[in-house]
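Following UniProt numbering, the numbering of the sequence shown begins with 1 at its first residue and continues without gaps.
No residue lacks a Cβ here, since even glycine has one placed at the ideal position from N, Cα and C.
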Amino acid sequence: MNRFIYGFCACSLSAMLWPSLVPIGWLPILFLAMVLCLRKGPLMAGCLFAVIWLSLLFHCLFMHQYAEKSQQIEFKAQIVSLVSQNRDWISFDVRVINQADQYAFFEALALNNVQRYYRLTWQKPDKIVIGQTWLFSAKVKGISSIQNQGGFNQQKQFISQHIIAKGRVKRAELLSHSMSVRQQVIDALSPTLAQFAQGDILQALIFGDKSGLSAIRWQQLRQTGAGHLVAISGLHLSVVFGLFYAIMIGLSRYAFSWQHLGKIQLAMVIAALFTFGYGYLSGFAVATQRALLMLFLLLIFSLIKQFSHHWDRLVYALFFMPMQLAQ
Numbered sequence: 001m002n003r004f005i006y007g008f009c010a011c012s013l014s015a016m017l018w019p020s021l022v023p024i025g026w027l028p029i030l031f032l033a034m035v036l037c038l039r040k041g042p043l044m045a046g047c048l049f050a051v052i053w054l055s056l057l058f059h060c061l062f063m064h065q066y067a068e069k070s071q072q073i074e075f076k077a078q079i080v081s082l083v084s085q086n087r088d089w090i091s092f093d094v095r096v097i098n099q100a101d102q103y104a105f106f107e108a109l110a111l112n113n114v115q116r117y118y119r120l121t122w123q124k125p126d127k128i129v130i131g132q133t134w135l136f137s138a139k140v141k142g143i144s145s146i147q148n149q150g151g152f153n154q155q156k157q158f159i160s161q162h163i164i165a166k167g168r169v170k171r172a173e174l175l176s177h178s179m180s181v182r183q184q185v186i187d188a189l190s191p192t193l194a195q196f197a198q199g200d201i202l203q204a205l206i207f208g209d210k211s212g213l214s215a216i217r218w219q220q221l222r223q224t225g226a227g228h229l230v231a232i233s234g235l236h237l238s239v240v241f242g243l244f245y246a247i248m249i250g251l252s253r254y255a256f257s258w259q260h261l262g263k264i265q266l267a268m269v270i271a272a273l274f275t276f277g278y279g280y281l282s283g284f285a286v287a288t289q290r291a292l293l294m295l296f297l298l299l300i301f302s303l304i305k306q307f308s309h310h311w312d313r314l315v316y317a318l319f320f321m322p323m324q325l326a327q
C-alpha cells in the first residue's frame with residue numbers, strides 16, 4: 001500500500017508538468033489497467049489512480065468551458081465572497097447553482113458534486129451581502145493564462161479556488177435574501193469595528209472581508225510586505241488553535257481533576273471547535289479549508305493514538321484538495 005501511496009503522490013505532484021489531461025473516454029480503460037496493476041505493480045497503480053482522479057475532477061470542473069471572448073448568459077448563483085470595491089465597482093465571487101433537470105444524469109451528478117465559482121464585477125450594484133441568491137445576466141468569459149512565464153499567473157490562482165470564469169454583470173434579479181449566520185455577525189460587529197482606526201484591517205482578519213480596504217490601505221500593505229497577512233490561511237488558524245489550546249490547558253489545571261492525557265485531548269477538541277468557528281467566520285476560503293483539513297487530521301490521529309506518516313498526510317491533502325496543485 002505504501003508503494004501505491006508513493007505512486008499517487010509522485011504523479012499528483014507532477015501534474016503541473018503534464019502537457020494535457022487524459023480524454024474522459026480513456027478513463028474507464030485506465031481504471032481497468034489500475035485494477036490489474038494493484039497486486040503486481042502498486043506503484044504504477046498509484047500513478048494511474050492519480051491520473052484518473054485529477055483528470056476526472058478537471059473534466060467535471062470545466063465541463064462547461066467558456067471561450068476567451070465574452071458571451072452573454074443567464075445563471076443562478078449565490079454570493080459567497082466580496083473581493084474588493086473600487087468607487088462604484090464591486091468585485092465578488094458567486095457559487096453557481098445548477099438546475100439538475102436541465103442536464104443528463106451523469107452530467108448533473110458531476111456538476112452537483114464539484115463546486116464551481118465565477119468572479120464577477122458589477123457597476124453601481126444594489127445592496128449585496130453574502131448568502132443572497134441572484135439570477136444574473138452577465139457577459140462571461142473563460143480564464144486565461146499569460147504568455148510571460150515570469151509574471152503572475154491568474155489562471156492558476158483561479159483554478160486553485162475553483163473559479164472557472166469571470167464576467168461583468170449587466171442586470172440581476174434578487175431571488176433570495178436569506179442571510180447566513182456569518183453575515184449577521186458581520187453586520188452586528190461592523191459598526192463597532194468601524195470606530196477603530198484599523199477597523200478595515202480587523203474586519204479583514206476576523207471575517208476575511210477585504211472589501212473595506214481602500215486603495216491607499218492596500219498600497220501601505222504592499223509597501224510594508226504585509227499584504228499576505230490579511231488573507232486568512234493556515235498561519236491564522238494555527239494562531240487561533242494555539243491560543244485556545246493554551247487557554248484550555250491553563251484552565252484545566254484549576255477547573256478539572258482529570259488525568260493529564262484527558263486534559264490534553266479535551267483542550268485539543270475545544271481548540272479545534274473554536275478554530276472551525278473562526279474558519280466559518282472568515283468565509284472558508286480555499287487556504288482555510290486546506291489548513292482545517294490538516295488540523296482535523298492531526299486531531300483525529302491524536303485522539304485515536306494512530307501514528308501518521310508524512311506520506312499519509314500528503315496523500316490526504318492531494319486527494320481531497322487536488323486543485324491546490326495549481327498554486
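How many Å lie between residue i and residue j at the Cα?
i    : j    : result
V22  : V51  : 8 Å
S84  : Q265 : 40 Å
G208 : V230 : 7 Å
R171 : S137 : 5 Å
H177 : W134 : 9 Å
C11  : K156 : 19 Å
C9   : S282 : 30 Å
Q72  : I249 : 57 Å
K263 : Q220 : 44 Å
A188 : V181 : 11 Å
F320 : S302 : 20 Å
A104 : S190 : Summary for A104: the model assigns pLDDT 48, below 50, so the residue's position carries little reliability, and this model does not support an answer.
G167 : L193 : 32 Å
K81  : R119 : First, the residue type needs correcting, since residue 81 is Ser and not Lys in the sequence shown. Going from the Cα of S81 to the Cα of R119 covers about 10 Å.
G142 : F58  : 14 Å
S252 : L295 : 22 Å
G46  : L13  : 12 Å
Y280 : N98  : 24 Å
Look up residue i in the DSSP assignment and say whether it is helix, strand or coil.
i    : result
F106 : Its pLDDT being 49, under 50, F106 is placed unreliably in this model, and the coordinates cannot settle the point.
Q161 : coil
F31  : helix
R116 : coil
S55  : helix
Q21  : The question names Gln, yet the displayed sequence has Leu at residue 21. Here L21 sits in coil by DSSP.
F296 : helix
S14  : coil
N2   : helix
K166 : strand
Q78  : strand
K139 : strand
A172 : strand
I130 : coil
I304 : coil
R95  : strand
Which residues in the same chain have their Cβ closer than 6 Å to the Cβ of residue i, if we skip the five residues on either side of it in sequence?
i    : result
A272 : L299
S233 : A287
F274 : F244
F106 : Per-residue confidence for F106 stands at a pLDDT of 49, beneath the threshold of 50, marking its modelled position as unreliable; the derived number appears in the next sentence. Taken in chain order, the list of residues that qualify is empty.
Y278 : V240
E74  : S137
L43  : R3 and G7
Taking buried to mean at least 16 other C-beta atoms within 10 Å of its own C-beta, is residue i buried or exposed?
i    : result
W89  : exposed
H236 : buried
M16  : exposed
R3   : exposed
Q203 : buried
A226 : exposed
D126 : exposed
F159 : Checking the sequence shown, residue 159 turns out to be Ile, not Phe. Label assigned to I159: buried.
L292 : buried
R39  : exposed
W18  : exposed
Q195 : exposed
I24  : exposed
S55  : buried
Ignore the nearest five residues each way along the sequence and tell me which others in residue i's own chain have a CB closer than 7 Å to its CB.
i    : result
Q183 : V129, I130 and G131
M268 : Y245, L299 and S302
Return the chain-ordered list of same chain residues with a C-beta closer than 8 Å to the C-beta of residue i, the five sequence neighbours on each side being excluded.
i    : result
S214 : D200
Starting from the N-terminal side, write out each stretch of the alpha helix (DSSP H) that is 4 residues or longer and does not extend beyond the segment 178-260. 181-193, 199-207, 215-224 and 234-255
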